[in-house]
Every structure is written in structure tokens, then in C-alpha cells.
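Read in order, the letters of the sequence shown are residues 51 to 261 in this note's numbering. Yeah, the Cβ is synthetic: ideal placement off N, Cα and C, and Gly gets one too. Okay, structure first, notes after.
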Amino acid sequence: MAGAYPQPPEFVDFVQPEVYDLGSLTRSGVLGRGVTSSEARGAQIGRAIYNDLPENRDRAADPRVSSATRMDVHAVREISAAYDRVFGPPGEERFDAISMALGSAFDEYMRRNDLADASRVDPAEFRLWLRSEEALLQTAIYFQELADMLRRLRAVGLSAQEYAEARERVLGAIAPSGGFDVPLLIEILEVELPSESAPDPEPDSGLGTAE
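Structure follows, in C-alpha cells:
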């Protein structure tokens, strides 16, 4: 009789290598690679193991090269689009203009707060100050778009070291000279601003709670 036996379950194969976009991945600061012949053969029999670790301990300090098919192609293209929104399309990148804008804003903040040492800068305070300065609106937008791009990059599936290296490549192109270096720029971009945190609890009305 039709329907007397349960239908076999349908499985979705999530290990099959998908289409990847090596160009978009590289543009996002990640050193990407395609699939090796052994990885492709493994995928054909139902398993795909991607090993992006160094070949031996002597090469542990080498830059990480990441298998592009480990990452969702749509997410990678979104990161690449976010990169273009900040820096401009290929061949028209505005690295120098962004670097000058960031450096000028930082110098102005230091001057107004009478700070001589960049290590005394509070990252969250600087971002909030930047938001409040109408004349620096475009610079505030740069920071917001950079922070958004880094959030997307963190979420794409990179290891901690892969992410750190990609972030260094992206920010190294625009970090101003002087005290405003890449480590400080990272702190400012990755700080959790009060408006992005969980809302504060409601104040106590003073009426107490019914027993």
C-alpha cells in the first residue's frame, strides 16, 4: 500500500565545497587559496577536511593562507562590498584621504583634551566625541563603516590569527603616522560603545514590590 512505509529522510550535504570568490576574499585582507586536489577528492566521497595550519612548527610565524571554500561566498562578497564602501572600488581607493581624515580628527581630539600621549586616549570616548562633531561627520562615517566591515570579517569563520592578520592588512593601509598606530586604531574600532550595549535597567520607582 502506498504510504505504508515511512519515507527515507532527506539529507543535505553541507561538506560539499561550494563556489567561492577568491578575488573578494583577497580584497577583504584575507590570503585565500582554492581547493587542493586531495580536498576535492575527499569531498567527492562525502567528507572535506581543510587544513590551513602551517606544514611544520618552523613555519608557525608565516602568514596564514585560508581555504576560500571554508567560508560562505555570500558573506565574503558582503565583506568585499563593505570594503568598497569604505575605500572605494578597485583602482580608485582613497587610502590617503581616509588616513588624513583619521589623523586630523585624532589630532583635534588630542588638542582639545590637552593630551600629549596617545596611550591616554579612551577609545569609546573618542568615538562618541567624533559622533558629536558635525564638522567631522564624514570621518565618523569612515569609522562606522570600518567597524561594520571588521564585524563582518570576524563573523565569516576565520581563526583568531587569520582575522588578526587580515585586520592588520586592511588597517595598515590607512593608519596615520605618529601615535595613532594600528593597535590604537583597532581599539577604537572594536570598542563597544554605550549605545551598542544592552540598555541600562529601569530606575527604581521607589514604590517597592507587592508581597
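Residue from A125, A190 and V232 whose Cα sits closest to the Cα of G222: By 1-based counting over the sequence shown, the position of residue 222 is 172. Of A125, A190 and V232, the residue nearest in Cα terms is V232.
When you compare each of A174, Y213 and R201 to L234 by their alpha carbons, which one comes out closest? The sequence position of residue 234 within the sequence shown is 184, counting from 1. The shortest Cα separation from L234 among A174, Y213 and R201 belongs to A174.
L75, buried or exposed, once every other Cβ within 10 Å from all chains shown has been counted against 16: Counting from one through the sequence shown, the residue named residue 75 turns up at place 25. L75 comes out buried.
Would you mind working out which of P140, A190, R170 and L81 sits nearest T119, comparing C-alpha positions? Start at 1 with the first residue of the sequence shown, and residue 119 comes out as number 69. Ranking the options by Cα distance to T119, first place goes to L81.
Apart from the five residues on each side of it in sequence, which residues of its chain come closer than 8 angstroms, Cβ to Cβ, to E242? As a first step, residue 242 is located in the sequence shown; it is residue number 192 there, counting from the start. Answer for E242: A174, listed in chain order.
Closest residue to R202 among S130, F145 and L72 (Cα-Cα distance): Numbered from 1 along the sequence shown, position 152 holds the residue referred to as residue 202. When each option's Cα is compared against that of R202, the closest is S130.
For the alpha helix (DSSP H) containing M150, list its first residue and its last residue. As a position in the sequence shown, residue 150 is number 100, starting the count at 1. Looking at the DSSP string, the run of the alpha helix (DSSP H) that includes M150 is F145 to R162.
Opposing strand residues paired with R120 [DSSP bridges]: Mapped onto the sequence shown, residue 120 falls at position 70. None, per the DSSP bridge assignment.
On a CA-only basis, which of D157, F137, G207 and R177 is nearest D122? Give me that one, please. Against the sequence shown, residue 122 aligns to sequence position 72. The candidate whose alpha carbon is nearest that of D122 is G207.
Looking at E183: is its Cβ nearer than 9 angstroms to the Cβ of A155? For the purposes of this step, residue 183 is identified with residue 133 of the sequence shown, where counting begins at 1. For the purposes of this step, residue 155 is identified with residue 105 of the sequence shown, where counting begins at 1. Yes, the pair counts as a contact, with Cβ atoms nearer than the cut-off.
Rounded separation between D164 and W179 - CA only: As a working mapping, residue 164 is identified with position 114 in the sequence shown. As a working mapping, residue 179 is identified with position 129 in the sequence shown. For D164 and W179, the distance between alpha carbons rounds to 14 angstroms.
Which residue from A225, F176, H124 and E218 puts its Cα closest to that of M32? The structure shown does not extend to residue 32, since the chain spans only 51 to 261, so no value can be given for it.
Quick check: what's the CA-CA separation for D157 versus A125? By one-based count along the sequence shown, residue 157 stands at place 107. By one-based count along the sequence shown, residue 125 stands at place 75. Cα-Cα distance, rounded: 35 angstroms.
Less than 8 angstroms between the CB of E242 and some heavy atom of the ligand NAD, yes or no? The ligand NAD is absent from the structure shown, which contains no ligand whatsoever.
Can you list, in chain order, the residues of its chain whose CB lies under 7 angstroms from that of L186, leaving out five sequence neighbours each side? Position 136 of the sequence shown, counted from the first residue, corresponds to residue 186. The answer, listed in chain order, is A155 and L180.
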